[in-house]
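Asker: Numbering (numbering that gives the first Met the number 0), first residue to last: 0 to 519. In this text, a Cβ means the ideal position worked out from N, Cα and C, and glycines have one as well. As the structure is a prediction and not an experimental result, all values here were calculated from the model.
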Amino acid sequence: MELNVFNWLLALAPVLAVLLLMVGAGWGGGRAGSAGFLVALALTMTAFGGGADLALVAIGKSILLAIDVLYIVWMALFFYNVTNEAGAVGLIGRSLHRLTSDRAAQSLLISWIFVSLLQGVGGFGVPIAVVAPLLVGLGYTATQSVIMASLGHGWAVTFGSLGTSFVALMAVTGLPGETLAHDAALVLSLSCLFSGALVAYVSAGASGLLRSIPMLLVVGAAMGWTQWWIATNGIWTLGSTSGALAGALVGVVFVLSPLHRGSSKRAATTVDDQGRSIMLALAAYVILLALAFSANLMAPLEQLLDSVMIRLEFPAVTTSFGWAVSAENGRVISVFGHAGAILFYAGLSAFLMYRAAGYFDSPSVWRDIWRQVSKSALKTTIAIFALVAMASLMTHTGMTQMIARGIGETVGAEIYPLFAPFVGALGAFMTGSNANSNVVFGALQGETATLLGLSAPVILAGQTAGASLGSVLAPAKIIVGCSTVGLGGQEGPVIRRMLMLGLIPVVFVTLFTFARLSGA
Numbered sequence: 000m001e002l003n004v005f006n007w008l009l010a011l012a013p014v015l016a017v018l019l020l021m022v023g024a025g026w027g028g029g030r031a032g033s034a035g036f037l038v039a040l041a042l043t044m045t046a047f048g049g050g051a052d053l054a055l056v057a058i059g060k061s062i063l064l065a066i067d068v069l070y071i072v073w074m075a076l077f078f079y080n081v082t083n084e085a086g087a088v089g090l091i092g093r094s095l096h097r098l099t100s101d102r103a104a105q106s107l108l109i110s111w112i113f114v115s116l117l118q119g120v121g122g123f124g125v126p127i128a129v130v131a132p133l134l135v136g137l138g139y140t141a142t143q144s145v146i147m148a149s150l151g152h153g154w155a156v157t158f159g160s161l162g163t164s165f166v167a168l169m170a171v172t173g174l175p176g177e178t179l180a181h182d183a184a185l186v187l188s189l190s191c192l193f194s195g196a197l198v199a200y201v202s203a204g205a206s207g208l209l210r211s212i213p214m215l216l217v218v219g220a221a222m223g224w225t226q227w228w229i230a231t232n233g234i235w236t237l238g239s240t241s242g243a244l245a246g247a248l249v250g251v252v253f254v255l256s257p258l259h260r261g262s263s264k265r266a267a268t269t270v271d272d273q274g275r276s277i278m279l280a281l282a283a284y285v286i287l288l289a290l291a292f293s294a295n296l297m298a299p300l301e302q303l304l305d306s307v308m309i310r311l312e313f314p315a316v317t318t319s320f321g322w323a324v325s326a327e328n329g330r331v332i333s334v335f336g337h338a339g340a341i342l343f344y345a346g347l348s349a350f351l352m353y354r355a356a357g358y359f360d361s362p363s364v365w366r367d368i369w370r371q372v373s374k375s376a377l378k379t380t381i382a383i384f385a386l387v388a389m390a391s392l393m394t395h396t397g398m399t400q401m402i403a404r405g406i407g408e409t410v411g412a413e414i415y416p417l418f419a420p421f422v423g424a425l426g427a428f429m430t431g432s433n434a435n436s437n438v439v440f441g442a443l444q445g446e447t448a449t450l451l452g453l454s455a456p457v458i459l460a461g462q463t464a465g466a467s468l469g470s471v472l473a474p475a476k477i478i479v480g481c482s483t484v485g486l487g488g489q490e491g492p493v494i495r496r497m498l499m500l501g502l503i504p505v506v507f508v509t510l511f512t513f514a515r516l517s518g519a
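(1) Decide if GLN444 is buried, meaning its Cβ has at least 16 other Cβ atoms within 10 Å, or exposed.
(2) Give the DSSP bridge partners of THR317, in chain order.
(3) Can you tell me which of the three DSSP states GLU312 falls into?
(4) Terminal residues of the continuous alpha helix (DSSP H) containing TRP235?
(5) Below 8 Å, can you find three or more Cβ-Cβ pairs linking the segment 57-65 to the segment 415-424?
(6) In terms of residues, what are the limits of the alpha helix (DSSP H) holding HIS556?
(7) Count Cβ pairs between the segment 422-432 and the segment 440-454 that sit closer than 8 Å; are there 3 or more?
(8) Based on Cα-Cα distance, which residue from ALA473, THR82, LEU516 and GLN462 lies nearest to THR157?
(9) To the nearest whole angstrom, what separates the beta carbons of ASP367 and SER373, a pair I think is in contact under 8 Å?
(10) How would you write the range of the alpha helix (DSSP H) that GLN143 sits in, first residue to last?
(11) Count the C-beta pairs between the segment 195-202 and the segment 144-156 that are closer than 8 Å, then say yes if the count reaches three, no if not.
(12) Please list, in chain order, all residues of the same chain as LEU168 whose beta carbon is under 6 Å from its beta carbon, the five residues on each side excluded.
(13) Among GLU490, GLY485, ASN83 and SER470, which one has its Cα closest to the Cα of ILE478?
(14) Rounded C-beta distance between TRP154 and ALA184? I'm assuming under 8 Å.
(15) Check for me: the alpha helix (DSSP H) holding GLU490 runs from which residue to which?
(16) Answer yes or no: do GLY28 and GLY431 have a C-beta to C-beta separation smaller than 8 Å?
(17) Output the distance between the C-alpha atoms of ALA514 and VAL505, rounded to the nearest integer angstrom.
(18) Once you ignore the five residues that flank VAL254 on each side, which residues in its own chain have a CB closer than 8 Å to its CB?
(19) Applying the criterion that 16 or more other CB atoms from any shown protein chain within 10 Å of the CB defines a buried residue, is PHE5 buried or exposed?
(20) Anyone know if the C-beta pair for ALA87 and LEU42 falls short of 8 Å?
(21) Taking three-plus beta-carbon pairs below 8 Å as touching, is the segment 236-247 in contact with the segment 348-355?
(22) Would you say the segment 47-56 touches the segment 317-330, given that touching needs at least three Cβ pairs under 8 Å?
(23) Measuring CB to CB, does LEU150 end up less than 8 Å from SER194?
(24) Looking only at its own chain, which residues have a Cβ that is under 8 Å from the Cβ of LEU300, when we skip the five neighbours before and after it?
(25) Beta carbon of ALA10, beta carbon of MET398: below 8 Å?
(26) Just verifying my parser: in three-state terms, what is the DSSP assignment at SER276?
(27) Is the beta carbon of LEU117 less than 8 Å from the beta carbon of PRO126?
(28) Straight-line CA distance for ALA222 to ALA315?
(29) Tell me which residues share the same chain as TRP26 and place their Cβ nearer than 6 Å to its Cβ, disregarding the 5 neighbours each side in the sequence.
(30) In terms of alpha-carbon separation, which member of VAL114, TYR139, THR140 and ALA141 lies closest to VAL130?
(31) Beta carbon of LEU208, beta carbon of ALA196: below 8 Å?
(32) Could you name the residues of the same chain whose beta carbon sits closer than 6 Å to that of GLY405, not counting the 5 residues immediately before and after it, in chain order?
(33) Using only the alpha-carbon positions, how far apart do GLY233 and GLU408 sit?
(34) Using the beta-carbon count (16 or more within 10 Å), is ASN3 buried or exposed?
(35) Would you tell me roughly how many angstroms separate the C-alpha atoms of SER94 and SER276, rounded to the nearest one?
(36) Measuring straight from C-alpha to C-alpha, what distance separates ALA434 and GLY465?
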């Protein structure tokens, strides 16, 4: 199909529809994604020459891709709600606060380390919804609380939520995690320092930031290196979780050591823990890590869990313009060895453990947990199905490749690395999701990199890192945070201040991407 301005705009129409409806009309991801899918389907059947057979193949593949992502989404929310109903989440946060009376150190323990742990195992708005009101209760202003809870976990989104966003990137680009993980984990691990520095600054100003430099360097190195090592060794589903747990361990040791220049006086608290044990609260996360590492590192167990696979073959399809997609398998899903299954095993184990310990008050807690999971996941489910189907149709008809060609011929290889992270951040800002940004722009960024002769893994690292850091600036998430601390309807000033601060790490990612491709 000829590349001209009209055809290029037609190819871009589904993406523009999603972004304009979400930003201009205020639609949610589900409605806007569905509209984008319908636009892509209409263009598939008309301007881009795809028949019903091509549309069915593209949609069939997208269903498997969406299930691969949503398996993690639903089970991550199940695990989180089990621990939250048991009181483990609040207990961990309060226990970290009690370790020191230094405000900057307190903010780092809760708004950098603890919030990142919540992002690692939950995500989807959970970190800000849990941590912002916790911070208000500890004496921070409502505005401070929302900003710190948001900015503190920007580095942990791609490899958080048990790797949902990273799995989405693999799904739409067709590249294996081993190829993508190194650069993505490296730039996000370095971004960890910026996330922590912003938290310290918002909490205690410039003096608090300077006072926190030793803690930032020590804990940031532990969190960043752990995430990088875990992700690059094939366990990307636990990158952020492992990094945050390492940060929690090192952070606790640090504030109790002579290296900590804050007051040695411990923070007082009037909150009753109702006899709950911090060790039992942490046990759920230990179970999750043990199961995940065992499933990935013990070959006999891995083979057993992977004995039941969903594997569907799809035929070759071609448009009337000659754009061809070869016959291939769709996304292969391990029913019992999937990251979502591991989350379910951990959540079920934690549920039985907490029930035996008497941590659940309601006899209908099992039903209540699943009701909350369904309530939280339904809109995300619709959005993921719609957006993945849209992206699949665009890939199978050559729309994505045409967009990439147009950008490549206009921008050029020298400048494009400066654009890639901002494209990812813009997508996440508008859709409210790192995963959605990767689904919408991942294939496009990879195609553009290939056409320009650039390293696709480096460009895609810029895409997902920009989206990770940009997702915490999304109005959709900020609205959630503000609603939990009494700032409903007053989101404007919070968003303005967050944009001023939150773009700093995005600029760093841009410079990193440019330097990597310049051989610096």
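Answerer: The answer reads as follows:
(1) As a first step, residue 444 must be located in the sequence shown, where it is residue number 445. Per the 10 Å Cβ criterion, buried.
(2) Within the sequence shown, numbered from 1, the residue matching residue 317 stands at position 318. When DSSP reads this structure, THR317 sits in a beta bridge with ALA323.
(3) Counting from 1 along the sequence shown, the entry for residue 312 is found at position 313. Strand at GLU312.
(4) As a working mapping, residue 235 is identified with position 236 in the sequence shown. TRP235 -> no alpha helix (DSSP H), and no H or E assigned at all.
(5) By the Cβ rule, the segment 57-65 does not count as touching the segment 415-424, because fewer than three pairs are nearer than 8 Å.
(6) Given that the chain is displayed from residue 0 to residue 519, the structure contains no residue 556 and the question cannot be resolved.
(7) Yes, the segment 422-432 is in contact with the segment 440-454.
(8) The residue labelled residue 157 in the question sits at position 158 within the sequence shown. THR157 has its Cα closest to that of GLN462, out of ALA473, THR82, LEU516 and GLN462.
(9) Position 368 of the sequence shown, counted from the start, is the residue given in the question as residue 367. Position 374 of the sequence shown, counted from the start, is the residue given in the question as residue 373. Between SER373 and ASP367 the Cβ distance is about 11 Å, and since that is not below 8 Å, they are no contact.
(10) Here residue 143 refers to the residue found at position 144 when the sequence shown is read from its first residue. It spans 141-150 - the alpha helix (DSSP H) in which GLN143 sits, taken as one unbroken run.
(11) Touching, yes.
(12) What you label residue 168 is simply residue 169 of the sequence shown in a count that begins at 1. Beyond the five residues adjoining it in sequence on each side, LEU168 comes within less than 6 Å, by CB distance, of ASN437, GLY441 and THR463 in the same chain, given in chain order.
(13) Counting from one through the sequence shown, the residue named residue 478 turns up at place 479. Considering only alpha carbons, the answer is GLU490.
(14) Here residue 154 refers to the residue found at position 155 of the sequence shown. Here residue 184 refers to the residue found at position 185 of the sequence shown. Here TRP154 is actually not in contact with ALA184; their C-beta atoms are around 10 Å apart, not less than 8 Å.
(15) Indexing the sequence shown from 1 puts residue 490 at position 491. Boundaries of the alpha helix (DSSP H) harbouring GLU490: 490-517, taken from the DSSP string.
(16) The count along the sequence shown starts at 1 and reaches residue 28 at position 29. The count along the sequence shown starts at 1 and reaches residue 431 at position 432. Taking the C-beta atoms as reference points, GLY431 is found nearer than 8 Å to GLY28.
(17) Stepping through the sequence shown from its first residue, residue 514 is reached at position 515. Stepping through the sequence shown from its first residue, residue 505 is reached at position 506. Near 14 Å, if we compare the C-alpha coordinates of VAL505 and ALA514.
(18) In the sequence shown, residue 254 corresponds to position 255, counting from 1. Around VAL254: LEU98, THR99, ASP101, ALA104, LEU108, MET214 and GLY261.
(19) On the sequence shown, position 6 is the one that residue 5 refers to. Result: exposed.
(20) As a working mapping, residue 87 is identified with position 88 in the sequence shown. As a working mapping, residue 42 is identified with position 43 in the sequence shown. Taking 8 Å as the cut-off, the Cβ atoms of ALA87 and LEU42 do not count as close.
(21) Taking 8 Å as the limit for Cβ pairs, the verdict is that the segment 348-355 does not touch the segment 236-247.
(22) Contact annotation: the segment 47-56 touches the segment 317-330, with at least three C-beta pairs closer than 8 Å.
(23) Here residue 150 refers to the residue found at position 151 when the sequence shown is read from its first residue. Here residue 194 refers to the residue found at position 195 when the sequence shown is read from its first residue. Between LEU150 and SER194, the C-beta gap is smaller than 8 Å, which places the two residues in contact.
(24) Residue numbering aside, residue 300 sits at position 301 when the sequence shown is read from its first letter. Once the five neighbours on either side are set aside, the close Cβ partners of LEU300 are SER293 and ALA294.
(25) Within the sequence shown, residue 10 is the residue found at index 11, counting from 1. Within the sequence shown, residue 398 is the residue found at index 399, counting from 1. It is a contact, given that the beta carbons lie within the stated cut-off.
(26) Your numbering for residue 276 matches position 277 in the sequence shown. Correct three-state label for SER276: coil.
(27) Taking the sequence shown and counting its residues from 1, the one referred to as residue 117 is at position 118. Taking the sequence shown and counting its residues from 1, the one referred to as residue 126 is at position 127. Here LEU117 is near PRO126, since their CB atoms are less than 8 Å apart.
(28) As a working mapping, residue 222 is identified with position 223 in the sequence shown. As a working mapping, residue 315 is identified with position 316 in the sequence shown. Note on identity: in this sequence residue 222 is Met, with Ala being the wrong assignment. Here the C-alpha atom of MET222 lies approximately 45 Å from the C-alpha atom of ALA315.
(29) One-based indexing of the sequence shown puts residue 26 at position 27. Within the same chain, Cβ atoms closer than 6 Å to the Cβ of TRP26 are found at LEU20, the five residues on either side in sequence being excluded.
(30) Counting from 1 along the sequence shown, the entry for residue 130 is found at position 131. Here the closest residue by C-alpha is VAL114.
(31) The residue labelled residue 208 in the question sits at position 209 within the sequence shown. The residue labelled residue 196 in the question sits at position 197 within the sequence shown. Contact: yes.
(32) Along the sequence shown, one-based indexing puts residue 405 at 406. The answer, listed in chain order, is TRP7.
(33) For the purposes of this step, residue 233 is taken as the residue at position 234 of the sequence shown. For the purposes of this step, residue 408 is taken as the residue at position 409 of the sequence shown. Here the C-alpha atom of GLY233 lies approximately 35 Å from the C-alpha atom of GLU408.
(34) What you label residue 3 is simply residue 4 of the sequence shown in a count that begins at 1. An exposed status is given to ASN3, since fewer than 16 other beta-carbon atoms sit within 10 Å of its beta-carbon.
(35) Walking along the sequence shown from the start, residue 94 turns up at place 95. Walking along the sequence shown from the start, residue 276 turns up at place 277. SER94 and SER276: Cα-Cα distance of roughly 10 Å.
(36) As a position in the sequence shown, residue 434 is number 435, starting the count at 1. As a position in the sequence shown, residue 465 is number 466, starting the count at 1. Each residue's alpha carbon lies about 12 Å from the other.
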